[in-house]
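Notes follow once the structure below has been shown.
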Amino acid sequence: MGIGAKGLSGEGYKGHSFWDTEIFILPFYIYSNPKTARSLLEYRYLGLEGARRKAKENGFAGAMYPWEAAWPSDGEVTPVWGAVDIVTGEQTKIWSGFIEQHITSDIAYAVWHYYRATGDEDFMERYGYEMIFDTAIFWASRLEWDESEGRYEINEVVGPDEYKEHVDNNAFTNYMAHFNIELAMQYYSKLETESPELFKRYNELLNLQEARKVWESKLDLIYLPQPNENLIIPQDDTYLQKEIIDLTPYKDQEKVGSIFNDYNLDQVGNMQVSKQADIMMLFFLLENKFTPEVKLANYEYYEEKTLHDSSLSLSTHSILASDFGDKELAYHLFKRAAEIDLGPKVHSSDAGIHSASLGGIWECVVLGFAGVRMLDGQLHLAPKLPEHWEKLSFPLHWQGKLLEISITHEQISINNTAGEPVQLFINGQSQEIKGNTIIN
Ligand code: IFM
5 MGIGAKGLSG
15 EGYKGHSFWD
25 TEIFILPFYI
35 YSNPKTARSL
45 LEYRYLGLEG
55 ARRKAKENGF
65 AGAMYPWEAA
75 WPSDGEVTPV
85 WGAVDIVTGE
95 QTKIWSGFIE
105 QHITSDIAYA
115 VWHYYRATGD
125 EDFMERYGYE
135 MIFDTAIFWA
145 SRLEWDESEG
155 RYEINEVVGP
165 DEYKEHVDNN
175 AFTNYMAHFN
185 IELAMQYYSK
195 LETESPELFK
205 RYNELLNLQE
215 ARKVWESKLD
225 LIYLPQPNEN
235 LIIPQDDTYL
245 QKEIIDLTPY
255 KDQEKVGSIF
265 NDYNLDQVGN
275 MQVSKQADIM
285 MLFFLLENKF
295 TPEVKLANYE
305 YYEEKTLHDS
315 SLSLSTHSIL
325 ASDFGDKELA
335 YHLFKRAAEI
345 DLGPKVHSSD
355 AGIHSASLGG
365 IWECVVLGFA
375 GVRMLDGQLH
385 LAPKLPEHWE
395 KLSFPLHWQG
405 KLLEISITHE
415 QISINNTAGE
425 PVQLFINGQS
435 QEIKGNTIIN
């Protein structure tokens, strides 16, 4: 089974699973309980049948994962109609099930993250490679050639920022599709040279040799929006041309979504206002692709336009603030994230707790304050403990070994409970950990 957006605590979102699981909840399991992480990804493997059906119904090849998932073989289960539009009095159409397509590469990303952190080859052989290949086949068929620009684009989507519907070239979506195809090409080469049997199996199942030719011909022509002269990456083709309004009343809101007391979604869609982290998600997931200057400039530009109307938003901002070394801001955002379900506004959990936000709180602490990352298959630790915290301790599973990590302002102590040494980077310095090691 998957984990619903509200877990089993309430009826909100009908128990459905979203990208919340792979991007916000799964990291906790990868590093704390890898067996459960594998089981969550197996749920997505079982969903391949529905994903293939969705691709076919939409005129694409490969596996196009549903935005909302329930029983694995159900395919897309996102409701089509939502709340009443305050301007027209009609029900609002929910477009996510049709065009919020980044879920497919989010799942491929999660498979990669799990594999690189655990080294679970058995999972890959049974499930993972097939998921990566078939999602890449989907993206290759989804790309649209723009003759005038000489590039492949992805048009008519909703990105993570759900206040912008029907946009072209949402940067997050394009970069993640590129990541998905590039990954499939790497695994293609790996299997072709190292595992001829497996290669044969997937080639027969998915016609991989043909797929690879298509990936190769398209990969470098995918449009990846670049920073402009002010270092700002356009969230999509039109975001930066939209009207800027004073968001103060909505930033200070008592209840999320207060902007909809004054405007409808169409109107909000025409303003530079975001529901949640979008470009920031891109920096978080593909952090090696962007310079610190670009990240900071975009953080400053987009955060003031972001209402954090989704519970998925604050934790990502907190982690980035930790990365920038702004401990105070990181802690402030972490506290706000923790208050979503644990704060004084008890009605915020009426429809159930926000399971992605709970995963996000763990991410703020372990990925943010402790600076744990998997980069290019290597484990990194770069602590930025909040000033008023004395100590942070947590277990961390890495490549089948359990590390017990404790961080204070003076030292880092790592107990490697396995016999084999573990290689990791501490503040950028390579270090071998055997037994109990103290780093001052
Ligand atoms: O997946 C999220 C989405 O990003 C924002 N709206 C709510 C969904 C479920 O939590």
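Take any residue in the sequence shown, count from 1 to its spot, add 4: that is its number in the numbering used here. Even glycine gets a Cβ: it sits at the ideal position worked out from N, Cα and C.
Taking 7 Å as the cut-off, the Cβ atoms of Gly363 and Phe32 count as close.
Nearest to Asp327 by alpha-carbon distance, out of Ser359, Ala355, Val369, Asp313, is Val369. Boundaries cannot be given for Met68, as no beta strand (DSSP E) includes it and DSSP labels it neither H nor E. Of the candidates Asn234, Gly51, Gly123, Gly51 places its Cα closest to the Cα of Ala67.
Between Met275 and Asp313, the alpha-carbon positions lie close to 15 Å from each other. Put simply, of Leu407, Thr412, Leu428 the residue whose alpha carbon is nearest the alpha carbon of Ile418 is Leu407. With a cut-off of 6 Å, the C-beta of Phe183 is classified as distant from the ligand IFM, since no heavy atom of the ligand falls inside that distance.
Closest option to Gly273, judged by alpha-carbon separation, among Phe64, Thr242, Lys39, Pro399: Thr242.
For Glu247, DSSP records a beta bridge to Met275. DSSP, reduced to helix, strand and coil, places Asn159 outside both helices and strands of the structure shown, so it counts as coil. Only residues of its own chain outside the window of five on either side were considered, and among them Ser322, Cys368 have a CB closer than 6 Å to the CB of Phe338, listed in chain order. Pairwise C-beta distances place the stretch 124-136 out of contact with the stretch 162-175, as fewer than three of them are shorter than 8 Å. The alpha carbon of Ser278 has as its nearest neighbour, out of Phe294, His384, Tyr254, Leu289, the alpha carbon of Tyr254.
Taking the Cα of His401 as reference, the smallest distance to any Cα among Asn207, Phe203, Val376 is reached at Val376. Linking Glu214 to Arg205 through their CA atoms gives a straight-line distance of about 14 Å.
In this chain, His401 is not harboured by any alpha helix (DSSP H); it is covered by the beta strand (DSSP E) spanning 395-402. Here the stretch 254-267 makes contact with the stretch 301-315; the two share three or more CB pairs at distances below 8 Å. Closer than 6 Å to some heavy atom of the ligand IFM: that does not describe the Cβ of Asp138.
For His117, same chain residues with a beta-carbon under 8 Å away, outside a window of 5 residues either side, are Leu30, Pro31, Ile34, Met378 in chain order.
With distances taken between CA atoms, Leu383 lies nearest to Ser434 out of Tyr69, Pro390, Ser434, Tyr335. Taking the C-beta atoms as reference points, Asp282 is found no nearer than 7 Å to Pro425. For Gln230, the secondary structure class from DSSP, reduced to helix, strand or coil, is coil. 7 Å or more divides the Cβ of Ala41 from the Cβ of Asp24.
Leu316 has its CB nearer than 6 Å to a heavy atom of the ligand IFM. Of the residues Lys246, Thr177, Lys438, the one whose Cα lies closest to the Cα of Tyr227 is Thr177. In this structure, the CA atom of Trp71 is about 14 Å from the CA atom of Thr139.
A direct Cα-Cα distance of roughly 26 Å separates Tyr306 from Lys97.
Scanning Arg48, Val84, Thr92 for the CA closest to the CA of Ser77 turns up Arg48. Within the same chain, and ignoring the five residues on either side of Met128 in sequence, the residues whose Cβ sits closer than 6 Å to its Cβ are Tyr119. The ligand IFM approaches Phe22 closely enough that one of its heavy atoms is under 6 Å from the residue's Cβ.
Going by beta carbons, Leu389 and Ile430 fall outside the 7 Å limit.
Per DSSP, Asp150 is one residue of the beta strand (DSSP E) stretching across 148-150.
Remark: C-beta atoms of Gly356 and Gly16 approach each other more closely than 7 Å.
Here Ala87 carries a strand assignment [DSSP, helix/strand/coil]. With a cut-off of 6 Å, the C-beta of Ala386 is classified as distant from the ligand IFM, since no heavy atom of the ligand falls inside that distance. Rounded to the nearest whole angstrom, the C-alpha separation of Leu396 and Ile437 is 19 Å.
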